[in-house]
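Here the structure is laid out as structure tokens; the discussion comes afterwards.
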Amino acid sequence: MNKIYLDIIEIGGTIAFGLSGAFMAMEKRLDPFGVIIITFVTAIGGGTVRDVLIGKTPVSWLQDNTTAIVILCTAIAALLFGKLLKQLSRTMFFFDSLGLGLFTVVGIERAQNAGLSPLICIALGTTTGCFGGVLRDVLLNNIPLIFRKEIYASACIAGGLLYFGLNRTNILVEYTTTITIVFIVLIRVIAVRYKISLPASYHK
Amino acid sequence: MNKIYLDIIEIGGTIAFGLSGAFMAMEKRLDPFGVIIITFVTAIGGGTVRDVLIGKTPVSWLQDNTTAIVILCTAIAALLFGKLLKQLSRTMFFFDSLGLGLFTVVGIERAQNAGLSPLICIALGTTTGCFGGVLRDVLLNNIPLIFRKEIYASACIAGGLLYFGLNRTNILVEYTTTITIVFIVLIRVIAVRYKISLPASYHK
Amino acid sequence: MNKIYLDIIEIGGTIAFGLSGAFMAMEKRLDPFGVIIITFVTAIGGGTVRDVLIGKTPVSWLQDNTTAIVILCTAIAALLFGKLLKQLSRTMFFFDSLGLGLFTVVGIERAQNAGLSPLICIALGTTTGCFGGVLRDVLLNNIPLIFRKEIYASACIAGGLLYFGLNRTNILVEYTTTITIVFIVLIRVIAVRYKISLPASYHK
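Chains as they are written, first to last, in the numbering used here: chain A, 1 to 204; chain L, 1001 to 1204; chain W, 2001 to 2204.
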């Protein structure tokens, strides 16, 4: 797939993930450096956990400055223009969904490159998509949102199954990647649009 | 020691650890995917932290599907038959204790293979036995249970000391392993049976 | 720089960091093993996260017994002589600040040795200085203190910028190291002395 096109989505996803961290940190009234750290952890958490589990170190965001600079600017923008950015919440939601799709596929492909089985690749794709938000919530002392509300991890898992389904056909890997990303984004957008969520597990 | 015998205990321990995660997640009314993730983290958390600290990556549960499938089935069983499984709580407690003993010894032996000192091996054995539960509690926004109640980490540490004590004698390593596991299980069973716990640290 | 001199500061910093963990754990009335574990995590957390991210494993405290023994003794001393040690709070604060300065510089230098860029080195130096306290607070179910109060991460970042500023001059690296440590300690001491803190981020 087009490298520049992918880079734009990845940077967009990083910004959207980072902003979700920055906003939650600001709601908890952290100081500016707290906001920066939460922005960082939310944006790079999922990929970092994946890289550490696979043993691909130094983890990817350490290896050049781009990611760090993008995240720093995101945090500073959130601190300065928070109100304004909140009005772009639809744009942000779109990028967050796109980021989720892309990060999941990136996670699957990195796990495949490490020679791991499809089941494990799906687990690591889901980790890449979701664990930034999990770490954000743990640091802010909340039960992770994705465990309670909204189709989120489920979208990653469904996307992962589709990815390996398509993999068995003759479809080019570039198409597989794109279809999977679109599929994850669609699940997420439809779920949020129609307020679909999984029922809470019942237990007595 | 007999490989199949060890595998059965390890799978039993994984199931018991996983169930303890699944039940707590269901008590917090997470959605099904939240329950699956907590089941995973509880079952593989301790070994994963150990492998990451030692640098033995990809961490062990990534390398084949067995562990992942066992845990998935455990989570699904907990979701479907939660009430029934709760009635097996004595069986579960037994496996949990057995898992604690086995995981501790596995952790000690992996640390030894990495050439680490006995003190560090005991620390990593305890980590293997206990950190799945710690991560479970952190994700569910509780202060880790093992820091507050019951003989748990203490059983691992006592077991570790016994292990290295026996190691200095002529006893075969197979016996050392078995004796240590039994010892840890016994401490835990007796402590729970007679409601023995360490006093809270006092502080003014 | 003088090796023994550095070792003394590093051990002093480990003790001070560990004590801050032990005292908070005792305030939450954990049992003695809980206190020991929190002491450990607080003292080695920052360096461990750094080593894992860089991929320098087994992480440093696994490689000899010194750190582990120092931390064990610290935890036991806190449990036995908690009241007395609390009266030394000024001494402790001094070591904590010294530890922060030293750990930050150690983190920067380890990251440089791994060939990482200055921006990333500063991020890893800050991680080394701060993440022990972050993990302590997460395990004790608090929002990390450093996100909310006091100049802490900010001192590390300012110190890191100074370090790379001095690096571009002809000043010997030994002096750069010492000046940076003193600078971080000074920022922290002045901030606490005059109750300077960053404003909470405002958000509506």
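Where a beta carbon is used, it is the ideal one built from N, C-alpha and C, also for glycine.
- Sixteen is the threshold: when 16 or more other Cβ atoms of the shown chains lie within 10 Å of the Cβ of CYS2156(W), as they do, the residue is buried.
- Taking 7 Å as the cut-off, the beta carbon of ALA75(A) is found closer than this to the beta carbon of THR39(A).
- Approximately 12 Å separates the beta-carbon atoms of ALA2077(W) and MET2026(W); this is outside 8 Å, ruling out the contact.
- Counting C-beta pairs closer than 8 Å gives fewer than three between the segment 1109–1126 of chain L and the segment 1015–1034 of chain L, which falls short of the contact rule.
- One thing to note: GLY46(A) has its Cβ no nearer than 7 Å to the Cβ of PHE147(A).
- Note on geometry: alpha-carbon atoms of THR67(A) and TRP61(A) lie some 6 Å from one another.
- Assigned with DSSP and collapsed to three states, THR2048(W) falls in helix.
- Relative to the Cα of ILE184(A), the nearest Cα in the group LEU145(A), TYR152(A) and PHE164(A) belongs to TYR152(A).
- Only buried fits ASP2096(W), as 16 or more other CB atoms lie within 10 angstroms of its CB.
- Residues of the segment 2035–2064 of chain W with a C-beta less than 9 Å from any C-beta of chain L: VAL2035, ILE2036, ILE2037, ILE2038, PHE2040, THR2048, ASP2051, VAL2052, GLY2055, LYS2056, THR2057, PRO2058, VAL2059, TRP2061, LEU2062, GLN2063 and ASP2064, listed in chain order.
- Judged by beta-carbon spacing, ILE1122(L) lies within the 7 Å limit of GLY1160(L), meaning their Cβ atoms are closer than that value.
- Taking 7 Å as the CB threshold, ASN1141(L) lines the interface with chain A.
- Assigned with DSSP and collapsed to three states, LEU2135(W) falls in helix.
- The DSSP assignment places 2089–2113 as complete runs of the alpha helix (DSSP H) inside the segment 2067–2114 of chain W, in order along the chain (cut-off: 4 residues).
- Taking 7 Å as the threshold, the shortest C-beta distance from PHE2147(W) to chain A falls below it.
- Per DSSP, reduced to three states, the secondary structure at ASN167(A) is helical.
- DSSP places ASP1007(L) within a helical segment (H, G or I) once states are collapsed to three.
- Restricting attention to LEU2080(W), THR2126(W), GLY2101(W) and ARG2168(W), the CA atom closest to the CA of PHE2023(W) is found in LEU2080(W).
- Assignment of ARG1148(L) by DSSP, reduced to helix, strand and coil, places it in the coil class.
- Inclusion of THR1042(L) and GLY1021(L) in the CB contact set at 7 Å is warranted, their separation being smaller than that value.
- Under the three-state reduction of DSSP, LEU1119(L) is assigned to helix.
- Look at ALA153(A): its C-beta is under 7 Å from a C-beta on chain L.
- ILE1054(L) is positioned such that its CB atom lies closer than 7 Å to that of PRO2058(W).
- Each of THR91(A), MET92(A), ILE37(A) and LEU88(A) was checked against the Cα of ILE71(A), and the nearest Cα belongs to ILE37(A).
- For VAL185(A), the enclosing alpha helix (DSSP H) begins and ends at 173–193.
- At a Cβ-Cβ threshold of 7 Å, LEU135(A) and LYS28(A) do not count as neighbours.
- For THR2128(W), the CB contacts under 7 Å within the same chain, skipping 5 residues up- and downstream, are GLY2046, GLY2047, ARG2050, PHE2103, THR2104, VAL2106 and GLY2107 in chain order.
- Of ARG1188(L), ILE1008(L), ILE1004(L) and ASN1065(L), the smallest CA-CA separation from LEU1100(L) is found for ARG1188(L).
- Rounded to whole angstroms, the gap between the alpha carbons of LYS2086(W) and VAL2035(W) is 16 Å.
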